[in-house]
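In my numbering, the protein residues as written are 3 to 295. Positions of the beta carbon are idealized from the N, C-alpha and C atoms, including for glycine. Note that the coordinates shown come from a computational prediction; the quantities given were computed from them, not determined experimentally.
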């Protein structure tokens, strides 16, 4: 009997330790908690959308039970000098080694594309050092099979470290070693003694519009984004899968959560509406309960 009690106690302590290692952080316009967002208007007349919304405002209830961040670009075509894009990013983990990342997920929804549903949801972009130098490196995570893996109108959680779910691509390189899984990314640059790290804030914004990827309009090392700089010079160095418009043109998407673990400590970021909106939702729930009684 004593042995059973001891084992249950150890199990309970382990569960408590696991729970204690996860930090849930709400991100809103009023309380960004280290996140920032920005849009690029581009040459099209429509205005890109970047907004925190309620749990049911995405038409498909947000799985975090609170809300999400809505990102939407208008139509773009290959003749436009500057196209639309939306970024949501953070530097909360700048300086951390990519080799110390123990978990990395994002939950997104592609509601639709305006004229065809073969599109990509908001994508995760990371900027790192080169390990032994501070040179900036840019990686973007794509669904492994491109748009074929995306289910429009359905929330999907992408394990960014799972080689069966995503492929990371090194952008703007002529090297043939430009893609792989997270394990590949962690060793692509640097050494065990001098690993690649999430880049500290730098001047990544460049000229207006920029090229396909180079410009990060939030100047952040971990970002969720849709859209592009421009459609000119889309050579093989960019390595995006499928047609460029699947990633940039008329994308109506949402992100509800991004979770990253560093050395086993998880930071789970939930994108939520303003506190007043949450209070309104809570009052609505109470009113519903009263009616049911």
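Excluding five sequence neighbours on each side, which residues of the same chain lie with their C-beta closer than 7 Å to the C-beta of residue 69?
-> 54, 55, 56, 57, 273, 274, 275
Use the C-beta contact count for residue 61: other C-beta atoms within 10 angstroms, 16 or more gives buried, fewer gives exposed.
-> exposed
Counting only the same chain and skipping the five closest in sequence on each side, list residues whose C-beta sits under 7 Å from that of residue 192.
-> Contacts found: 132, 133, 134, 198.
Going by alpha carbons, who is nearest to residue 173 out of 254, 259, 138?
-> Distances from the CA of residue 173 to each of 254, 259, 138 were compared; the closest alpha carbon is that of 138.
What distance in whole Å lies between the Cβ atoms of residue 171 and residue 128, which are believed to be in contact at a cut-off of 8 Å?
-> The beta-carbon distance between residue 128 and residue 171, rounded to whole angstroms, is 11 Å. This is too long to meet the 8 Å contact definition.
Could you tell me whether any Cβ in chain B is nearer than 8 Å to the Cβ of residue 146?
-> Among the protein chains of the structure shown there is no chain B, as only one such chain exists.
What distance in whole Å lies between the Cβ atoms of residue 90 and residue 37, which are believed to be in contact at a cut-off of 8 Å?
-> 6 Å
Sequence-distant residues of the same chain with beta carbon closer than 7 Å to residue 7, five excluded per side = In this prediction, residue 7 has a pLDDT of 33, which is less than 50 and means its spatial position is unreliable; what the coordinates show is noted afterwards. For residue 7, there are no CB contacts under 7 Å within the same chain when 5 residues up- and downstream are skipped.
With a threshold of 16 other CB atoms inside 10 Å of the CB of residue 153, please say whether the residue is buried or exposed.
-> Exposed: under 16 other Cβ atoms inside 10 Å.
Assigned secondary structure, residue 148 (DSSP; H/G/I helix, E/B strand, else coil) = Residue state, collapsed to three classes: helix.
So what's residue 130 in DSSP terms, helix, strand or just coil?
-> strand
With a Cβ-Cβ cutoff of 8 Å, do residue 49 and residue 126 count as a contact?
-> no
Using DSSP with H/G/I as helix, E/B as strand and the rest coil, what is residue 102?
-> In the structure shown, residue 102 sits in a helix (DSSP, three-state: H, G or I).
Just how far apart, CA to CA, sit residue 159 and residue 260?
-> In a straight line, the C-alpha of residue 159 is about 9 Å away from that of residue 260.
To which residues of the same chain is residue 67 closer than 7 Å at the C-beta, ignoring the five residues directly before and after it?
-> 57
Could you check the C-alpha separation between residue 277 and residue 97 for me, to the nearest Å?
-> 31 Å
Counting only the same chain and skipping the five closest in sequence on each side, list residues whose C-beta sits under 6 Å from that of residue 262.
-> 106, 269
Where does residue 46 sit, in a helix, a strand or coil, going by DSSP?
-> coil
In whole angstroms, what is the alpha-carbon distance linking residue 109 and residue 75?
-> Approximately 19 Å, taken between the alpha carbons.
Give the DSSP-derived three-state secondary structure of residue 197 in the structure shown.
-> strand
Where DSSP assigns a beta bridge to residue 188, which residues make up the other side?
-> Residue 188 is not bridged to any residue.
For residue 254, the first and last residue of its enclosing beta strand (DSSP E) | 253-264
Since I believe residue 168 is in contact with residue 200 (beta carbons under 8 Å), could you give me their beta-carbon distance rounded to a whole number of angstroms?
-> Contact flag wrong, Cβ pair sits at about 18 Å.
If we ignore side chains and look at the alpha-carbon of each, how far apart do residue 187 and residue 179 end up?
-> 10 Å
Report buried or exposed for residue 25, applying the criterion of at least 16 other Cβ atoms within 10 angstroms of its Cβ.
-> exposed
Run of the beta strand (DSSP E) containing residue 229, from where it starts to where it stops | 224-229
6 Å Cβ shell around residue 293 - same chain, five flanking residues per side excluded = In this predicted model, residue 293 has a pLDDT of only 41, less than 50, meaning its place in the structure is not dependable enough to derive any value.
Would you check if the distance between the CB atom of residue 302 and the CB atom of residue 256 is smaller than 8 Å?
-> Here the chain comprises residues numbered 3 to 295, so residue 302 is not present and cannot be evaluated.
For residue 228 versus residue 87, is the C-beta distance shorter than 8 Å?
-> yes
Sequence-distant residues of the same chain with beta carbon closer than 6 Å to residue 39, five excluded per side = 52, 90
From this set, 99, 140, 44, which residue's C-alpha is nearest residue 204's C-alpha?
-> 140
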